[in-house]
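Protein sequence lines correspond, in order, to chains A and B.
Going by the working numbering, the first residue of the first sequence is number 954, and it counts up by one from there.
Going by the working numbering, the first residue of the second sequence is number 1282, and it counts up by one from there.
Here a beta-carbon is modelled for each residue, glycine too, at the ideal position from N, C-alpha and C.
One structure below.
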Amino acid sequence: MSEYREIIEAYKDVPGGLIEAYHALQRKYNFIPEQALIEAAKVFKVSQAEAYGVATFYSYLKVGKRGTYIIRMCESAPCHIAGADKVVEALEKALGIKVGETTADGKFTLELTECVGQCQATPVVTVNSKPYENVTPEAVDKILAEYR
Amino acid sequence: MSKQRPVLLEYAGKIDPTKASDYIAVGGYKGLEKARQMDRKALLQEVKDSGLRGRGGAGFNAGMKWSFVPQDASIKYVVCNLDEGEPGTYKDRVICEQNAQALLEGMAICGLAISSNQGYIYCRGEYPFVVELLRKAIASAKESGALGDFDIEVRMGAGAYVCGEETALIESIEGHRGEPRFKPPFPGVEGLWKAPTVVNNVETFACLPYILVNGAAWFAGIGAPKYPGTKIVTLTGDVNNRTFFEVPTDITLREVIYDLGGGIPGGKKFKAVQVGGTSGAFIPEENLDTPIDFDSMGAIGAALGSGAVLVLDETRDIVDVVTRISKFFEHESCGKCNPCREGTFRCRELMNKINSGKGNEADIEKLILLARVMQKAALCGLGQAAPIPIESTIKHFRPAYLQKM
Ligand SMILES: Cc1cc2nc3c(=O)[nH]c(=O)nc-3n(C[C@H](O)[C@H](O)[C@H](O)COP(=O)(O)O)c2cc1C
Ligand code: SF4
Ligand code: FES
Chain A
954 MSEYREIIEA YKDVPGGLIE AYHALQRKYN FIPEQALIEA AKVFKVSQAE AYGVATFYSY
1014 LKVGKRGTYI IRMCESAPCH IAGADKVVEA LEKALGIKVG ETTADGKFTL ELTECVGQCQ
1074 ATPVVTVNSK PYENVTPEAV DKILAEYR
Chain B
1282 MSKQRPVLLE YAGKIDPTKA SDYIAVGGYK GLEKARQMDR KALLQEVKDS GLRGRGGAGF
1342 NAGMKWSFVP QDASIKYVVC NLDEGEPGTY KDRVICEQNA QALLEGMAIC GLAISSNQGY
1402 IYCRGEYPFV VELLRKAIAS AKESGALGDF DIEVRMGAGA YVCGEETALI ESIEGHRGEP
1462 RFKPPFPGVE GLWKAPTVVN NVETFACLPY ILVNGAAWFA GIGAPKYPGT KIVTLTGDVN
1522 NRTFFEVPTD ITLREVIYDL GGGIPGGKKF KAVQVGGTSG AFIPEENLDT PIDFDSMGAI
1582 GAALGSGAVL VLDETRDIVD VVTRISKFFE HESCGKCNPC REGTFRCREL MNKINSGKGN
1642 EADIEKLILL ARVMQKAALC GLGQAAPIPI ESTIKHFRPA YLQKM
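What follows is the structure in structure tokens.
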């Protein structure tokens, strides 16, 4: 049995387990490998189109490779007025990539997101779901240093 | 500080939410015990009499919703909505982080009222740490025996605002794309895996233990008579105290912003407040003495919604903020129905045009017309609410639009 199959099979008998299986794959790989999606379709007895349709509906699921660390900048209204634009610029500059891209070493992917529910200290950036509060453009290097 | 009224958050910071024993030590699980001694009809009546209305936005009487569940169905589900996707809102996270056991107890009370022994909590994907916390809290509650034969499973969402809509949420638990269903049938009749299902918000469930322990009359006596109890509000934007407060529902917006929020930083003047999250209306100064309860907010063309309070000071570019909000809705529209899929796209397009100085008054008229179409024709609350920030700012802050032209 392939490694993907093993992860997916664990959710086979969970009602509605397809999304749970995707979460498990992402915990391991940080994304859903194309081959894993094909395997998931087989295990859950749905068409590949449906397996793909589910995976692409949700912004936290990603089919195909991306970085080890997913950096997300919240751009919802409270973070927007707290200066999210400036922080995005600083992130782009520090990483040398644009929003939606992954660094050449495969380490960082930069994404925009809507509210992550930490609005007590805007603007907010998350790195693999860990929130950083009150982020200023100056604070960006220090955050990235934790992962470099 | 007297304007606060901690009920759900009375022991915030003093008990470990993952430990049933901590909660029991401060009187927890007594409400469930009491509910077990009541017959089902009396329990339903007690919840109805308390006047508890949904805290997730629609404000429906909780006991009434439960009473629609047909009793002859052999399987029924209790589902907790912890999707909390409304920007500016984090009160359900706070409830879980401070008093998760009250949520579990509330779900079990609902289970008794509708004869269900299976609950689900649908937690947004942005809160993996809350998922972990809840799983520990459930294990502890099960081990203590407090939950009896009521089981609760936690499912994690994956980043889709629309999944907060109850039927989309159900689709998502079932492992599908989170697209809203046509209603009727309502979930109370045909919900999760076609079984009757009650969907309530975290805060709604967490009120129940206190209602059972202190009585319906006690709860009905707090705050506004038609929307009684407390509400947790989260303050963001231009206020000194950007934090959360549990308040009685008859507190006014002015009290929330100036007494609890400490007013606006830097001695600046107030421009507008958006209540209920990003889908809420923008409210001008003249309406600040309105109480926050569901009906009072409705009367001024606004909504309490999730209880998020976003304050803008006089220096803020309100058209720019609304443009950002229109992008949110374009992004989050699930695409199932045309008025919303196309409408949110056009709203964003027109707002961009105006915001970049290329708009004219005809664009404002187009937005007003589009808003009317979407409110009438969109399938779910997302598309219906999407134009509200635009419409309310055109109404109250039209000069800000004209200045851009
Ligand atoms: C687009 C959309 C998003 C919603 N998001 C949430 C949410 O995050 N949390 C919530 O409790 N209710 C949300 N709702 C409301 C739910 O559909 C439902 O009314 C609510 O969960 C019922 O619980 P209550 O009666 O306890 O408020 C949303 C509705 C819509 C249309
Ligand atoms: S109103 Fe929008 S979110 Fe709701 S079903 Fe229609 S397209 Fe989907
Ligand atoms: S608005 Fe950015 S975290 Fe909530």
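Asked: DSSP-derived helix/strand/coil call for ARG1687 (chain B); Found: No answer is possible for residue 1687 (chain B): it lies beyond the span of chain B, which begins at 1282 and ends at 1686.
Asked: Same chain only: Cβ atoms within 8 Å of LEU1651 (chain B), ignoring 5 sequence neighbours per side; Found: GLY1624, ARG1627, CYS1628, LEU1631, PRO1668
Asked: Within the region 1577-1635 of chain B, ranges of the beta strand (DSSP E) (whole runs, at least 3 residues); Found: 1589-1594
Asked: Cβ-based contacts, 8 Å cut-off: residues of the region 1010-1023 of chain A near chain B; Found: PHE1010, TYR1011, SER1012, TYR1013, LEU1014
Asked: Contact list for TRP1474 (chain B) against chain A, beta-carbon separation under 7 Å; Found: PRO968
Asked: Local Cβ density within 10 Å of MET1388 (chain B), reported as buried at 16 or more and exposed below that; Found: buried
Asked: Ligand 1 heavy atom lying under 8 Å from the CB of PHE1341 (chain B); Found: yes
Asked: Per DSSP, cross-strand counterpart(s) of CYS1027 (chain A); Found: A:THR1066
Asked: Which of helix, strand or coil DSSP assigns to PHE1003 (chain A); Found: It should be noted that the sequence gives Glu, not Phe, for residue 1003 (chain A). Looking at GLU1003 (chain A) - three-state DSSP - the assignment turns out to be helix.
Asked: Residues from the region 1413-1442 of chain B in contact with chain A, defined by Cβ distance under 8 Å; Found: ARG1436, MET1437, GLY1438, ALA1439, GLY1440, ALA1441, TYR1442
Asked: From B:LYS1550, B:LYS1549, B:PHE1551, B:VAL1528, residue whose alpha carbon lies closest to that of LEU1541 (chain B); Found: B:VAL1528
Asked: Contact test: SER1331 (chain B) Cβ vs ligand 1 heavy atom, cutoff 8 Å; Found: no
Asked: Residue(s) in a DSSP beta bridge with ARG1334 (chain B); Found: B:ASN1342
Asked: Chain-ordered neighbours of PRO1468 (chain B) on chain A, where CB pairs are closer than 9 Å; Found: Ordered by position in chain A, no residue passes the 9 Å Cβ test against PRO1468 (chain B), which lies about 15 Å from the chain.
Asked: 8 Å CB neighbourhood of ALA1381 (chain B) in its chain, flanking five on each side removed; Found: PRO1298, THR1299, LEU1414, LEU1415, ALA1418
Asked: Short CB-CB distance (under 9 Å) between SER1453 (chain B) and chain A; Found: yes
Asked: Beta-carbon proximity check, GLN1399 (chain B) vs PHE1431 (chain B), cutoff 9 Å; Found: yes
Asked: Close-in-space but distant-in-sequence residues of the same chain around TYR1401 (chain B) (CB under 8 Å, 5 per side omitted); Found: TYR1358, VAL1359, VAL1360, CYS1361, ILE1433, GLU1434, VAL1435, ARG1436, ILE1454, LEU1473
Asked: Minimum C-alpha distance to ASN1568 (chain B) - residue among B:ILE1492, B:ILE1503, B:LYS1552; Found: B:LYS1552
Asked: Per-residue DSSP class, three states only, for ASN1481 (chain B); Found: strand
Asked: Secondary structure of GLU973 (chain A), DSSP reduced to three states; Found: helix
Asked: LEU1289 (chain B) versus VAL1520 (chain B) - alpha carbon distance; Found: 24 Å
Asked: CB of PRO1461 (chain B) within 9 Å of CB of PRO1468 (chain B), strictly; Found: no
Asked: Alpha-carbon spacing of PRO1287 (chain B) relative to GLY1020 (chain A), whole angstroms; Found: 43 Å
Asked: Contact test: THR1625 (chain B) Cβ vs ligand 1 heavy atom, cutoff 8 Å; Found: no
Asked: LEU1044 (chain A): contacting residues in chain B (beta-carbon distance under 7 Å); Found: Going along chain B, no residue has its Cβ under 7 Å from LEU1044 (chain A), so there is no contact; the nearest lies around 18 Å.
Asked: C-beta atoms of LEU1048 (chain A) and ILE1024 (chain A) nearer than 9 Å; Found: yes
Asked: Own chain residues within Cβ distance below 7 Å of LEU1428 (chain B), not counting five before or after; Found: LEU1385, ALA1389, ALA1422
Asked: Chain B within 9 Å of PHE984 (chain A), Cβ atoms only; Found: no
Asked: Distance cut-off 8 Å: SER1012 (chain A) Cβ against heavy atoms of ligand 1; Found: no
Asked: Residue burial classification, PRO1670 (chain B) (beta-carbon count within 10 angstroms, cutoff 16); Found: buried
Asked: C-beta neighbour in chain A for THR1533 (chain B), strict 9 Å; Found: no
Asked: Top-ranked residue by Cα proximity to MET1686 (chain B), from B:CYS1618, B:SER1614, B:VAL1600; Found: B:VAL1600
Asked: Residues within the region 1586-1598 of chain B neighbouring chain A, beta-carbon criterion of under 8 Å; Found: ALA1589, LEU1591, LEU1593, ARG1597
Asked: Inside the region 1444-1527 of chain B only - beta strand (DSSP E) runs reaching at least 3 residues; Found: 1478-1482, 1511-1518
Asked: CB-CB length for ALA1589 (chain B) against THR1511 (chain B), believed under 8 Å; Found: The Cβ separation is near 16 Å, so there is no contact.
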